[in-house]
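Residue numbers (the UniProt record's numbering): 1 to 225.
Even for Gly, the Cβ is constructed at its ideal location relative to N, Cα and C.
Notes follow the structure.
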Amino acid sequence: MLRARNNFLNFGFVKAPFLVSPETKQQVAAEVERLITEHGVRRDLVFEQTGDTPRRMRNVRQHEIARYGEVVPTVYRSPELRAALGEIAGEEVLECPYEPEQCVITELVKDGDTHGWHWDDYSFALVWVIDCPPLEDGGFVQCVPRTTWNKADPQLHRQFVNQPIYSLELTPGDLYFMRTDTTLHRVYPVHNGRRLIINMGYAARRDLLKDIDHGTMDTLWEGGQ
Ligand SMILES: O=C(O)CCC(=O)C(=O)O
Ligand SMILES: [Fe+2]
Numbered sequence: 001m002l003r004a005r006n007n008f009l010n011f012g013f014v015k016a017p018f019l020v021s022p023e024t025k026q027q028v029a030a031e032v033e034r035l036i037t038e039h040g041v042r043r044d045l046v047f048e049q050t051g052d053t054p055r056r057m058r059n060v061r062q063h064e065i066a067r068y069g070e071v072v073p074t075v076y077r078s079p080e081l082r083a084a085l086g087e088i089a090g091e092e093v094l095e096c097p098y099e100p101e102q103c104v105i106t107e108l109v110k111d112g113d114t115h116g117w118h119w120d121d122y123s124f125a126l127v128w129v130i131d132c133p134p135l136e137d138g139g140f141v142q143c144v145p146r147t148t149w150n151k152a153d154p155q156l157h158r159q160f161v162n163q164p165i166y167s168l169e170l171t172p173g174d175l176y177f178m179r180t181d182t183t184l185h186r187v188y189p190v191h192n193g194r195r196l197i198i199n200m201g202y203a204a205r206r207d208l209l210k211d212i213d214h215g216t217m218d219t220l221w222e223g224g225q
């Protein structure tokens, strides 16, 4: 746990597949596969607030996950899981007060599908990797820690020039925990492969006091085809 905490502080993320049992991973994976098959919606958008970066993906939103899922909502609310994440974060990890950002399933399937460069509105994300192509086909995560999101002028190129970009190889069964509000991140475009994840978003206590403009996420959800 100490090593996880140090990596989290240094890089803004840490792989933590040891946090949950193989049985829980298997149950979450089975439910996510069912939900994406039955409720996945295609989105093809770019976001001005993150520097015109693309979102080319299929999603299942929190609303459908809450309605048609069982395992995922239970795992999301687990006090034990939040306590373990809190040890890594060095502070309380709370359920996200804005429900649409609690759980989101994302599938990248077509050549060039990507979750482009962005920050998240809330402090933490636990990402469960259910399917992922080999490294050479893309789908790995890239991050720039210790950066802040100016929604009016995100200046992505300035962030890339000022600091190193870290890249993280992922395989099915991995989990990673990220400080998402101060770590610029993206998923490298996939080619010849499929990548399926569920992102569980959590808040820090300071987030509860912030006046967050939910414009980017709300546009994402309205943009479904
Ligand atoms: O797919 C990933 O690994 C990251 C997902 C993400 O950044 C998000 O859903 O906000
Ligand atoms: Fe994100």
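Query                                                                                                                                                                                  : Result
I'd like to confirm something about valine 109: is its beta-carbon nearer than 7 Å to some heavy atom of ligand 1, or not?                                                             : no
For threonine 182, is the beta carbon positioned less than 7 Å from some heavy atom of ligand 3?                                                                                       : Ligands present in the displayed structure are limited to ligand 1 and ligand 2, and ligand 3 is not among them.
In terms of residues, what are the limits of the beta strand (DSSP E) holding tyrosine 163?                                                                                            : The sequence given here has glutamine at residue 163, not tyrosine. Run containing glutamine 163: none; DSSP gives neither H nor E here.
Decide if histidine 115 is buried, meaning its Cβ has at least 16 other Cβ atoms within 10 Å, or exposed.                                                                              : buried
When you compare each of Asn10, Glu107, Glu92 to threonine 37 by their alpha carbons, which one comes out closest?                                                                     : Glu107
Nearest to valine 28 by alpha carbon, out of Ile198, Phe47, Gly193, Gln102?                                                                                                            : Ile198
Can you tell me the Cβ-Cβ gap for tyrosine 122 and tyrosine 202, rounded? I've got them flagged as a contact below 8 Å.                                                                : 7 Å
Could you give the DSSP three-state label for glutamate 70: helix, strand or coil?                                                                                                     : coil
Return the bridge partner residues of asparagine 59 from the DSSP annotation.                                                                                                          : Val41, Thr106
Does ligand 2 have a heavy atom nearer than 7 Å to the CB of alanine 125?                                                                                                              : yes
Determine the direct distance from the alpha carbon of tryptophan 117 to that of glutamine 225, and round the result to whole angstroms.                                               : Residue placement at glutamine 225 is flagged as unreliable, the pLDDT there being 46, under the threshold of 50; the coordinate-derived value follows with that caveat. Approximately 22 Å between the Cα atoms of the pair.
Please return the same chain residues whose Cβ sits closer than 7 Å to the Cβ of alanine 4, not counting the five positions on each side in sequence.                                  : Val14, Ala16, Ile88
Terminal residues of the continuous beta strand (DSSP E) containing cysteine 116?                                                                                                      : This sequence places glycine at residue 116; cysteine is not what is there. Taken as a continuous stretch (DSSP letters only), the beta strand (DSSP E) holding glycine 116 covers 114–118.
Label glutamate 23 either buried or exposed according to how many other C-beta atoms from any shown protein chain fall within 10 Å of its C-beta, with 16 as the threshold for buried. : exposed
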